[in-house]
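Everything below concerns the one structure shown next.
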Amino acid sequence: MTDSDNKKILIAPYQNEHKTVWNDFVATSKNGLFLFSRDYMDYHSDRFHDHSLMFFRKGKLIGLFPANLKDNVLYSHGGLTFGGVISDSNMSAQIMLEIFEELNDHCRQKGISKIIYKTLPYIYHLFPSDEDLYALFRHNAQLIGRGVTASIYMTQKLDFDESRTRSIKKAQKNNLVVKRTFEFGSFMEIVKNVLLEHHGVAPVHTPQEIELLATRFPNNLKLFCSYKDNKMLAGVLVFESRNVAHAQYIANSNEGRGLGALEIVFDYLINTQFRSKKYFDFGISTEQMGQVLNSGLMLQKEGFGARSIMQDIYQLTINH
Numbered sequence: 056m057t058d059s060d061n062k063k064i065l066i067a068p069y070q071n072e073h074k075t076v077w078n079d080f081v082a083t084s085k086n087g088l089f090l091f092s093r094d095y096m097d098y099h100s101d102r103f104h105d106h107s108l109m110f111f112r113k114g115k116l117i118g119l120f121p122a123n124l125k126d127n128v129l130y131s132h133g134g135l136t137f138g139g140v141i142s143d144s145n146m147s148a149q150i151m152l153e154i155f156e157e158l159n160d161h162c163r164q165k166g167i168s169k170i171i172y173k174t175l176p177y178i179y180h181l182f183p184s185d186e187d188l189y190a191l192f193r194h195n196a197q198l199i200g201r202g203v204t205a206s207i208y209m210t211q212k213l214d215f216d217e218s219r220t221r222s223i224k225k226a227q228k229n230n231l232v233v234k235r236t237f238e239f240g241s242f243m244e245i246v247k248n249v250l251l252e253h254h255g256v257a258p259v260h261t262p263q264e265i266e267l268l269a270t271r272f273p274n275n276l277k278l279f280c281s282y283k284d285n286k287m288l289a290g291v292l293v294f295e296s297r298n299v300a301h302a303q304y305i306a307n308s309n310e311g312r313g314l315g316a317l318e319i320v321f322d323y324l325i326n327t328q329f330r331s332k333k334y335f336d337f338g339i340s341t342e343q344m345g346q347v348l349n350s351g352l353m354l355q356k357e358g359f360g361a362r363s364i365m366q367d368i369y370q371l372t373i374n375h
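Quick note: the sequence shown uses my numbering, first residue 56, plus one each step.
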């Protein structure tokens, strides 16, 4: 990478020797999460052809783009829930436009036909960070997917509905207890059974992968479960970031459904464990790029006082 072409923005493909620089930038960015750390991204590097990019301006790193390449399509990032350009507090709308100009040139040179760009919902922003949305608009990107996630704004919480409240009282009457646990294998077995029974699919992560990530990120991956007589009945695996406690996996056993086992976990997470967080997020309740709403699942989350936030996916076609 040289300044010989006098470009304002220079792009460098990520290499392993950039790991420390990459991670340090994520840690001090205005919209970075532990998910964008190389220690998280690289746990499934065997499944994705990494094509992450680093953006420099006047010799200074100003942005990162976690991405993978498949069939001449650049994804941001196929192994992550969301992504986009990670930047610091100095990012401006004009600089982001310049980044997208160079990103388009880079894709043309590499024979990349399009970019699938998963935006980061604003609840994860430490500071306002929608410069990329403007740049996408300026480059005629098409909105091709819209996931509906359910979140609670914790400083103005709505009351739980009557059904949720009754279930919590039932759990208390049956002496269920909620605690943080490291029994990831037992929990993921419940997750596997629930997903197979109701959706015919397997979890994205294996128990071994969850245990690995929990070891790497003990302050970010936290499992909370309800128990009756030391038997795990239900649980929530939380991915915790600066602003948000996000329910990554939610599972309730058949026995737990009749005892309010999951409701009492959420009551504990929302009103005790994460009461000082800015948002509590339940995750998306949509399928097929947002074309199908799982209304029952969404209603359950709304019963805890959560309301809709969009998680958008754009397609940017590269003109060759």
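C-beta atoms are modelled at their ideal positions from N, C-alpha and C, and glycine is treated no differently.
For clarity, every value in this text was computed on a predicted model and none was experimentally measured.
The alpha helix (DSSP H) enclosing residue i, as first and last residue numbers
i	result
Asn159	Ala148 to Lys165
Phe80	Lys74 to Thr83
Asp101	No alpha helix (DSSP H) holds Asp101; DSSP gives it neither H nor E.
Burial state of residue i, where buried means 16 or more other Cβ atoms lie within 10 Å
i	result
Asp367	buried
Asn309	exposed
Glu342	exposed
Leu354	exposed
Gly338	buried
Pro176	buried
Asn86	buried
Met109	buried
His301	buried
Arg219	buried
Helix, strand or coil at residue i [DSSP, three-state]
i	result
Leu116	strand
Ser59	Its pLDDT being 41, under 50, Ser59 is placed unreliably by the model, and nothing is read from it.
Ser281	strand
Ile223	helix
Lys356	helix
Ile305	strand
Ser350	helix
Tyr177	helix
Glu238	coil
Leu188	helix
Asn326	helix
Phe111	strand
Phe335	strand
Val246	helix
Ser218	helix
Val320	helix
Lys212	coil
For residue j and residue i, the rounded distance between their alpha carbons
i	j	result
Leu251	Glu244	11 Å
Ile64	Ser147	13 Å
Ile373	Pro183	27 Å
Asp58	Gly118	Confidence is the limiting factor: at Asp58 the pLDDT is only 43, short of 50, which leaves the residue's position unreliable, though a coordinate-based value still follows. Distance between the alpha carbons of Asp58 and Gly118 is about 17 Å.
Ser281	Ile150	48 Å
Glu264	Val81	22 Å
Asn159	Gly313	54 Å
Asn229	Asp284	10 Å
Ala67	Thr83	20 Å
Leu288	Lys125	40 Å
Ala257	Lys115	43 Å
Lys225	Val246	23 Å
Gln370	Asp185	17 Å
Arg112	Glu157	11 Å
Asn195	Val249	40 Å
Lys231	Gly290	The amino acid occupying residue 231 in the given sequence is Leu; Lys does not appear at that position. Using only the alpha carbons, I get a separation of about 12 Å.
Arg235	Val299	18 Å
Ser168	His161	11 Å
Leu292	Asn127	34 Å
Ser144	Asp187	14 Å
Close beta carbons around residue i, own chain, < 8 Å, minus the five adjacent residues each side
i	result
Thr210	Lys333
Ser131	Phe120, Pro121, Ala122, Gly138, Gly139, Ile170, Ile171, Tyr172 and Lys173
Glu96	One detail in the question is off: residue 96 reads as Met in this sequence, not Glu. Result list for Met96: Leu90, Asp105, Ser107, Pro121, His132, Gly134 and Leu135, in chain order.
Leu268	Tyr95, Tyr98, His260 and Leu276
Phe237	Ala269 and Leu278
Ser331	Met209
Ile141	Phe80, Val81, Ser84, Asn86, Gly87, Phe91, Gly118, Leu119, Phe120 and Pro121
Ala316	Ala226, Leu231, Ser281, Lys283, Leu288, Ala289, Asn307, Ser308 and Glu310
The beta strand (DSSP E) enclosing residue i, as first and last residue numbers
i	result
Gln263	Here Gln263 belongs to no beta strand (DSSP E); instead the alpha helix (DSSP H) covers Pro262 to Arg271.
Ala122	No beta strand (DSSP E) contains Ala122, which DSSP labels as neither H nor E.
Gly202	Gln197 to Tyr208
Arg362	Arg362 to Thr372
Lys51	With the chain represented from 56 up to 375, any question about residue 51 goes unanswered, as that position is not in the structure.
Ser92	Ser92 -> no beta strand (DSSP E), and no H or E assigned at all.
Cut-off 6 Å between Cβ atoms - residues of its own chain near residue i, not counting five sequence neighbours on either side
i	result
Asp60	Caution applies to Asp60, whose pLDDT of 46 falls short of 50 and renders its modelled position unreliable; the value that the coordinates give is listed next. There are no such residues.
Met56	Because the pLDDT of Met56 is 43, which lies under 50, any placement of that residue in the model is unreliable, and the number read from its coordinates should be weighed accordingly. Taken in chain order, the residues that qualify are Leu65 and Ala67.
Gln197	Gln370
Residues of its chain near residue i, where Cβ-Cβ distance is below 7 Å and the 5 sequence neighbours each way are ignored
i	result
Gly360	Ile207, Lys212, Leu213, Asp214 and Phe215
Ser340	Val203, Ala205, Leu348, Asn349, Leu352, Met353 and Lys356
Arg93	Lys74, Trp77 and Asn78
Arg16	Not covered by the structure: residue 16. The range shown for the chain is 56 to 375.
Met344	Ile199, Gly200 and Ile368
Proximity test, residue i beta-carbon vs the ligand HEM heavy atom, cut-off 7 Å
i	result
Val81	Inclusion of the ligand HEM in the displayed structure is not the case, the ligand content being empty and no account of it being possible.
Neighbour flag for residue i against chain D, beta carbons, 8 Å
i	result
Tyr177	You won't find chain D in this structure, because it holds only one protein chain.
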